[in-house]
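In this note's numbering, the protein residues as written are 3 to 510.
Listed below in structure tokens is the structure:
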């Protein structure tokens with residue numbers, strides 16, 4: 003009973019989180035490209051049930067590039083394509099990630115407040131929490147990456163014939179399928195075994211490697227077998243596709259739409275080497291950044307804590323891959339969403355170490371008070387902007403000017419839902435000349451981006467058109483408006499955190 007009660011912060015958090023999910027899932031917008039992932043999943047699902055594969059969606063990205071297991075399960079559970087239900091499923095599945103984070107926190111600290119603090123910090127981390135409901139790619143990767151680390155820590159010492167080998171293999175297979183960087187979990191497994199060897203395991207290194215090598219082979223075979231049977235169109239030409247898949251991250255020719263960085267549009271080649279750490283600097287809550295800074299110094303003191311060591315190693319390893327491989331990144335920190343929980347975990351333990359080392363109660367109280375104020379500010383921001391809270395910038399970003407016009411902000415163009423609802427409920431109420439049923443006389447809207455969202459929430463009261471010359475109104479976000487150079491009368495603006503990011507306009 004005591005063990006059950008010891009985890010009451012997790013139970014309280016899950017009750018609150020699930021209640022929020024059910025209370026708000028219908029308010030979530032549809033992210034740009036979300037429907038593309040869902041339709042690709044439907045194609046793969048048809049392949050499993052019908053036995054043939056046909057790409058119904060004309061896109062430059064071939065289906066073998068995309069691992070559709072997670073969205074395929076969503077389509078299986080939601081065959082009517084209610085996007086509100088997709089968002090609910092995302093939110094509920096993300097709770098597994100919170101459980102994994104909590105389990106890692108239990109391994110890393112005995113303090114209940116540290117475990118509760120980690121969950122609270124992630125819930126009030128806009129760039130993290132804001133992605134969970136609308137991101138069917140990076141969110142599940144985050145979940146399976148954390149589960150893989152947890153499995154390594156819990157079952158890594160077991161022999162090759164232990165049932166956990168199958169579990170680790172399946173987790174690794176899904177992780178590597180969701181993102182190429184997921185192959186790094188094999189390195190973490192080897193590092194975990196070497197850590198055990200150098201910390202008291204009485205066995206010759208040569209004998210250890212012989213024993214472990216068989217387990218590594220088993221895990222690799224299981225992982226790739228599971229990935230291939232759940233990714234049939236990849237398996238058609240496995241060796242060619244494998245080579246392509248491993249290196250596409252640094253040569254992603256399909257994305258070169260111009261990276262908004264300090265107000266200018268950069269090509270892939272012009273992307274600065276510090277793009278990821280800089281975006282983390284301007285989008286992470288400042289108190290987390292400050293608490294994370296002492297990690298290199300505290301690492302020496304906590305190296306005997308294997309969980310702290312493995313999380314630090316995972317973080318260092320992924321930064322190393324980023325700087326060496328130079329992947330094509332965009333959309334801020336989205337591709338490295340899985341690093342946020344790791345950084346928060348390390349920051350929380352750093353705080354515990356700092357507070358335990360301080361003897362002055364006033365200083366300790368001041369530190370806790372400052373963090374509490376930061377959490378209060380983030381709470382107010384989240385409530386105010388929810389569910390459009392993910393494009394968050396901290397005070398460092400504002401030191402450079404208006405970050406919503408300097409950098410990628412609402413890169414998923416979620417605000418198009420608000421524009422669609424305003425046109426549907428407000429604009430058409432005053433414009434009686436437009437019909438709601440006759441196609442020829444219906445209001446016609448051109449969307450610079452995310453036209454699917456505009457159409458989905460239109461309730462068929464206006465038409466989305468693909469040629470701006472045929473449109474009565476244009477809906478355009480700041481980034482696309484600046485690139486296109488469209489000029490006209492702006493009749494409505496939409497805001498994030500008080501800054502205009504989306505416009506409804508009549509062309510000149």
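A virtual CB, placed ideally from N, CA and C, is assigned to each residue, including glycine.
No experiment lies behind these values; they were computed from the predicted model shown.
| Item | Value |
| --- | --- |
| Looking at the structure shown, is residue 501 part of a helix, part of a strand, or coil, going by DSSP? | strand |
| Within 10 angstroms of its Cβ, does residue 303 collect 16 or more other Cβ (buried), or is it exposed? | exposed |
| Mapping the DSSP letters down to three states, classify residue 508 as helix, strand or coil. | strand |
| Does the Cβ-Cβ distance between residue 109 and residue 309 come in under 8 Å? | yes |
| In chain order, what residues of the same chain lie with their CB nearer than 7 Å to the CB of residue 114, ignoring the 5 residues before and after it? | 11 |
| If you run the structure through DSSP and keep just helix, strand and coil, what is residue 422? | helix |
| Is it buried or exposed for residue 213, if we count other Cβ within 10 angstroms and need 16 for buried? | exposed |
| Okay, do the stretch 390–405 and the stretch 125–132 touch, 3+ Cβ pairs below 8 Å being the bar? | yes |
| Under three-state DSSP, which class holds residue 410? | coil |
| Among residues of its own chain, excluding the 5 on either side of residue 492, which ones have a beta-carbon nearer than 8 Å to its beta-carbon? | 505, 506 and 507 |
| Exposed or buried, what is residue 62 when buried is set at 16 or more other beta-carbons lying within 10 Å of its beta-carbon? | Model confidence at residue 62 stands at a pLDDT of 44, short of 50, so the residue's coordinates are unreliable and nothing is read from them. |
| Can you look up residue 209 in the DSSP assignment and give me helix, strand or coil? | helix |
| Which same chain residues, not among the five before or five after residue 370, have their C-beta less than 7 Å away from its C-beta? | none |
| Drop a sphere of 10 angstroms on the beta-carbon of residue 282, count the other beta-carbons inside from all chains shown, and report buried for 16 or more, exposed for fewer. | buried |
| State the Cα-Cα distance for the pair residue 175 and residue 414, rounded to the nearest angstrom. | 28 Å |
| Who are the Cβ neighbours of residue 458 in its own chain at under 7 Å, not counting the five residues just before and after it? | 32 and 85 |
| Could you give the uninterrupted runs of the alpha helix (DSSP H) lying entirely in the stretch 5–52, keeping only those of 4 residues or more? | 10–26 and 36–52 |
| Around the C-beta of residue 96, are 16 or more other C-beta atoms found within 10 angstroms, so that it is buried, or is it exposed? | buried |
| For residue 70 and residue 78, I'd like the C-alpha separation in whole angstroms. | 12 Å |
| So residue 481 packs on residue 262, CB below 8 Å; how close in whole Å? | 5 Å |
| When DSSP labels each residue in this structure, what does residue 317 get in the three-state scheme? | helix |
| Keeping to the same chain, check which residues put their C-beta closer than 7 Å to that of residue 297; ignore five residues upstream and five downstream. | 314, 348 and 352 |
| Span of the beta strand (DSSP E) holding residue 131? | Element bounds for residue 131: not the beta strand (DSSP E) but the alpha helix (DSSP H), 128–134. |
| Assign residue 178 to one of two classes, buried (16 or more other C-beta atoms within 10 Å of its C-beta) or exposed (fewer than that). | buried |
| Would a C-beta distance cut-off of 8 Å place residue 503 and residue 411 closer than the cut-off? | yes |
| Evaluate contact between the stretch 329–340 and the stretch 278–292, counting only Cβ atoms and requiring at least three cross-stretch pairs below 8 Å. | yes |
| Out of curiosity, what's the CA-to-CA distance linking residue 16 and residue 182? | 31 Å |
| In terms of DSSP beta bridges, what is residue 267 paired with? | 262 |
| Which residue marks the beginning of the alpha helix (DSSP H) containing residue 473, and which one marks its end? | Neither: residue 473 is in no alpha helix (DSSP H) and is coded neither H nor E. |
| Closer than 8 Å is the cut-off here; do at least three beta carbon pairs connect the stretch 459–474 with the stretch 438–450? | yes |
| Helix or strand or just coil, what does DSSP make of residue 339? | coil |
| So, at 6 Å on beta carbons, what are the nonlocal neighbours of residue 147 in its own chain, with the 5 sequence-adjacent residues on each side left out? | 177 and 340 |
| Please state the DSSP three-state secondary structure of residue 111. | coil |
| Identify whether residue 2 lies in helix, strand or coil by the three-state DSSP scheme. | What the structure shows of the chain is the stretch from 3 to 510, and residue 2 is not part of that stretch, so it cannot be assessed. |
| Where does the unbroken alpha helix (DSSP H) through residue 149 begin, and where does it stop? | 140–157 |
| Can you tell me whether residue 233 is buried or exposed? The criterion is at least 16 other CB atoms within 10 Å of its CB, across all chains shown. | buried |
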